[in-house]
Amino acid sequence: MSPAWESADPTRPRRRCERQLADDRPARCDHGRSGPPASPAGDPTSMPLPAPLPWTAPSHRRRAVPTRSIAVTAGAMAVAVSAWTIAHRRSPAVSAWRPPTVSGERLGRVWCRTGGSGSTGVVLLHGLVATGDVFGSSIDDLAERHVAAAPDLLGFGRSLDRQATDFGSDAHLSALDEAIDRACGDRPLLLGAHSMGSTLALRWAARNPTRVGRIVCLGAPIWPSSHAANEALGGMGPMARALLIDGRLAQSLCELNCAHRNLSGCVAATIAPRWPIPIARQASLHTWEAYVQAVHQQILHADWLPLLRRLDEARIPVEMVWGDQDPIGDVGYAKQLASEIPHLTVRRIGKADHTLPASRPRLLPSLLQAT
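Each residue of the sequence shown is one higher than the one before, starting from 17 at the first, in the working numbering.
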């Protein structure tokens with residue numbers, strides 16, 4: 017059925033809507049005159065339909081960009097980057113540390129840098145979430161006169177073992193037995209250690225008292241009790257509490273670290289600007305089992321007093337050294353023990369912190385070789 021305005025009767029008055037539709041039709045130029053197009057024989061059915069209106073996409077209002085927020089964020093990031101850069105460049109450890117050139121290999125369960133020659137062997141044991149590389153050029157200096165060995169402790173660095181679950185003291189000492197025997201043979205030994213490695217150095221010497229001539233510990237995590245250790249570490253700030261005291265949070269962070277080691281290494285370098293970047297990035301090379309057992313057995317529940325007394329009975333000199341800005345360990349307690357144990361000495365180094373192996377690369381060789 018045709019619309020009413022297309023009725024066969026051209027004389028019928030058009031309705032209002034029809035007039036409006038006709039008025040909306042575009043005008044066309046026809047031989048110099050404007051107006052509605054002519055229809056042959058007055059037939060309205062032959063008149064062209066109005067052209068469709070052009071389609072326009074609906075406009076969507078975009079949220080205004082928070083310019084002020086972007087500026088504040090950019091400013092905060094710039095300040096953070098500047099602060100990290102300043103702290104990193106001013107760090108004595110960053111400027112003094114050089115990577116060791118002594119090569120390494122797998123010696124039993126641990127990877128170990130070893131080199132040099134001489135009648136005496138020197139073994140260097142690193143701290144928590146670190147590797148033997150922390151000793152840097154000290155390894156090279158010692159290898160000039162001794163057989164030097166710097167293992168990555170069991171479960172850490174290139175000794176990372178995803179399948180193992182036992183990283184207790186006995187497992188560590190057994191792994192060290194094999195590595196030291198293969199690297200140094202039956203030579204008498206000097207032991208140098210940093211942080212957590214100090215506990216293992218004392219333990220190994222107590223099991224092998226006839227082989228050890230001297231022990232030097234840098235930044236040893238010594239406290240009179242596990243309660244004192246927990247309080248001291250918990251008071252170092254949220255990061256220390258999260259990583260050393262809060263077991264559930266530490267495990268969650270460690271699992272995240274294990275799933276994204278490369279990214280975690282970069283994060284470690286970001287939050288530790290005082291360390292050389294290659295050293296800081298190695299902090300991600302461990303498993304949760306290796307980490308938590310090391311924290312509990314070598315730091316929180318280490319039996320310092322019995323170990324030091326046994327070494328004193330064996331007449332093995334032990335020297336404990338801290339930087340005057342090092343928050344790790346109770347130096348006062350160590351001095352108290354030194355007043356009671358003849359073969360224990362305590363020393364403090366001015367303008368130094370927990371980065372002593374990297375910031376003072378000649379310190380450890382000089383102390384170990386002192387007569």
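Just so it is clear, CB atoms sit at the ideal spot from N, CA and C, and this is done for glycine as well.
It should be emphasised that the depicted structure is a prediction, and the values quoted were computed from it without experimental measurement.
Identify whether residue 160 lies in helix, strand or coil by the three-state DSSP scheme.
coil
Write down every uninterrupted run of the alpha helix (DSSP H) in the stretch 293-329 whose length is 4 residues or greater and which is fully enclosed by it, in chain order.
293-297, 304-310 and 320-329
What does the Cβ neighbour count give for residue 243, buried or exposed, with the cut at 16 atoms within 10 Å?
exposed
Would the beta-carbon of residue 118 fall within 9 angstroms of that of residue 298?
no
Name, in chain order, the residues that DSSP records as bridge partners for residue 128.
121 and 167
Segments assigned beta strand (DSSP E), at least 3 residues, entirely inside the stretch 193-270:
205-210 and 228-234
Quick check on residue 364: does DSSP put it in helix, strand or coil?
strand
Shortest alpha-carbon distance to residue 373 belongs to which of 130, 154, 269 and 159?
154
Taking a contact to mean a Cβ-Cβ separation below 9 angstroms, would you say residue 113 touches residue 120 in this structure?
no
Tell me the residue span of the alpha helix (DSSP H) that contains residue 100.
83-106
Closest to residue 163 by CA distance: which of 328, 209, 197 and 350 is it?
197
Excluding five sequence neighbours on each side, which residues of the same chain lie with their C-beta closer than 7 angstroms to the C-beta of residue 375?
108, 109, 112 and 368
Where the beta strand (DSSP E) through residue 143 begins and ends
It is not in any beta strand (DSSP E) - residue 143 carries neither H nor E in the DSSP assignment.
What I want to know is whether the C-beta of residue 245 ends up closer than 8 angstroms to one or more non-hydrogen atoms of the ligand FAD.
The ligand FAD is absent from the structure shown, which contains no ligands of any kind.
Buried or exposed for residue 43, going by 16 or more other Cβ atoms inside 10 Å?
Only weak support is given to the placement of residue 43: the predicted model assigns it a pLDDT of 47, under 50, and the value that follows is read from those uncertain coordinates. With fewer than 16 Cβ atoms within 10 Å of its Cβ, residue 43 is classed as exposed.
Under three-state DSSP, which class holds residue 339?
strand
What three-state label does DSSP hand residue 151 in the structure shown?
helix
Supposed close pair residue 199, residue 221 - CB separation, criterion 8 angstroms
16 angstroms between Cβ atoms; not a contact.
Are there 16 or more other CB atoms within 10 angstroms of the CB of residue 45, so buried, or fewer, so exposed?
Caution applies to residue 45, whose pLDDT of 46 falls short of 50 and renders its modelled position unreliable; the value that the coordinates give is listed next. Flag for residue 45 reads exposed.
Opposite residue 172 in the DSSP bridges: which residues?
302
Checking the sheet assignment: what are the DSSP bridge partners for residue 334?
231 and 360
Status (buried if at least 16 other CB within 10 Å, exposed otherwise) for residue 295:
buried
Pick from 172, 174 and 219 that is closest to residue 3, judged by C-alpha positions:
Lying before the first or after the last residue shown, residue 3 is absent from the chain, which here runs from 17 to 387.
Within 10 Å of its beta-carbon, does residue 238 have 16 or more other beta-carbons around it, so buried, or fewer, so exposed?
buried
Specify the secondary structure class of residue 287 as computed by DSSP and reduced to three states.
helix
Let me know if residue 143 comes out buried or exposed under the rule of 16 or more other beta-carbons within 10 Å of its beta-carbon.
buried
Top-ranked residue by Cα proximity to residue 346, from 184, 232, 156 and 247
247
Rounded to a whole number of angstroms, what is the C-alpha to C-alpha distance between residue 176 and residue 384?
28 angstroms
Going by other Cβ atoms of all chains shown within 10 Å of its Cβ, with 16 needed for buried, is residue 352 buried or exposed?
exposed
Considering only residues of the same chain and omitting the five flanking positions on each side of residue 131, which have a CB-CB separation below 7 angstroms?
118, 119, 159 and 164
Provide the residue span of the alpha helix (DSSP H) that contains residue 180, from first to last.
Neither: residue 180 is in no alpha helix (DSSP H) and is coded neither H nor E.
Taking only the alpha-carbon atoms, compute the straight-line gap between residue 278 and residue 266 and give it to the nearest angstrom.
18 angstroms
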